[in-house]
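Numbering (the numbering used here), first residue to last: 1 to 317. All C-beta atoms in this analysis are idealised placements derived from N, C-alpha and C, irrespective of residue type, glycine included. So the structure is just underneath, and the comments pick up after that.
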């Protein structure tokens, strides 16, 4: 029965990190300025996206190769600002400003250029498309044919599935397209900003009254052809229709947002910590249960007093 639950999509390990770097000697620029050299590198390698960072290494030219290796192995990761701070902390290289991109390289120095990696995939989410007829079954005696409970069973069977981020209903073909996009790490066009507090025409008034706090936004998932199912309707029964699919999108607990990569070691550490917490809570609950049972077996003060009076009466008689 478990085998027919859903054709779970495999979560591919990412082999293309978020950034890619290259190091060059000053002579390799051959008279080209930095902007033109970066463009020629992009044309030669489709993986090179937007140029994010440049560094000049003159006192220790070999450090440019070290930076290239550290970026390309994801040993240095984080936001653009975090990477910049780290690189120029442990090297003697100089950070170059955007205004220097039109200048030429110093033949006596080495340089590193850090690009966004266009081949990088964002696996922060994991998705399953469940055919409606399958969802309508009472799978393993747990789902009762309801939408939300099917999602619960999915999380039991796939340990990488974290909190539920989206449930949608729509044509099976569109559902499968959405699942494929998510599991391939292609979130372009599927994430949009939406207000956390939705007050319709009163949004402007709310923004003024809360100094803009009511206008806070969050990222929300959206898929063409799919209708998002709100939480209040997620406990409805699944429709028994072969042409319909339910798209479940979860946070991927294997994914490290900071590293922008799959991090199974961190996931295992998290699971071990949760297991330890559960064991401690269970131990504490058992301890309290024993203490409560012991307290219940002890005679109450009034019972002790009554027993003493009875013993005194017996002595007097």
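Check: Is residue 293 near the ligand SAM, judged by its Cβ being under 6 Å from some heavy atom?; Outcome: With respect to small molecules bound, the structure shown includes none, and the ligand SAM cannot be examined in it.
Check: With DSSP collapsed to three states, give me the class of residue 119.; Outcome: coil
Check: Rounded to whole angstroms, what is the Cα-Cα separation between residue 245 and residue 171?; Outcome: 6 Å
Check: List, from N- to C-terminal side, the alpha helix (DSSP H) runs of 4 residues or more that fit wholly inside the segment 34 to 105.; Outcome: 34 to 44, 63 to 72 and 80 to 90
Check: Determine the closest residue to residue 53 out of 256, 98 and 29, with distance taken between C-alpha atoms.; Outcome: 98
Check: When DSSP labels each residue in this structure, what does residue 129 get in the three-state scheme?; Outcome: strand
Check: Around the Cβ of residue 242, are there at least 16 other Cβ atoms within 10 angstroms (buried) or fewer (exposed)?; Outcome: exposed
Check: Find the nearest neighbour of residue 51 within the set 92, 28 and 80, judged by alpha-carbon distance.; Outcome: 80
Check: My output table needs one value for residue 154: the three-state DSSP class, helix, strand or coil.; Outcome: helix
Check: Shortest alpha-carbon distance to residue 225 belongs to which of 255, 177 and 165?; Outcome: 177
Check: Would you kindly report the start and end of the unbroken alpha helix (DSSP H) that includes residue 18?; Outcome: Careful: residue 18 lies outside any alpha helix (DSSP H) and carries neither H nor E.
Check: Return the bridge partner residues of residue 111 from the DSSP annotation.; Outcome: 24 and 56
Check: Give me, in chain order, the residues of the same chain whose beta-carbon lies closer than 8 Å to that of residue 167; leave out the 5 immediate sequence neighbours on both sides.; Outcome: 147, 148, 151, 228, 229, 234, 246, 247, 248 and 249
Check: Determine the contact status of residue 67 and residue 115, defining contact as a CB-CB distance below 7 Å.; Outcome: no
Check: Straight-line CA distance for residue 237 to residue 133?; Outcome: 11 Å
Check: Rounded to the nearest angstrom, what separates residue 206 and residue 163 at their Cα positions?; Outcome: In this prediction, residue 206 scores a pLDDT of 49, lower than 50, which makes its location untrustworthy; no coordinate-derived value is stated.
Check: Using CA atoms only, rank isn't needed, just tell me which of 72, 36 and 119 is closest to residue 46.; Outcome: 119
Check: Around the C-beta of residue 287, are 16 or more other C-beta atoms found within 10 angstroms, so that it is buried, or is it exposed?; Outcome: exposed
Check: Tell me the rounded alpha-carbon separation between residue 93 and residue 40.; Outcome: 23 Å
Check: Any chance the segment 120 to 128 sits against the segment 178 to 191, with 3 or more Cβ pairs inside 8 Å?; Outcome: yes
Check: Measure the CB-CB distance between residue 49 and residue 95 and report whether it falls below 7 Å.; Outcome: no
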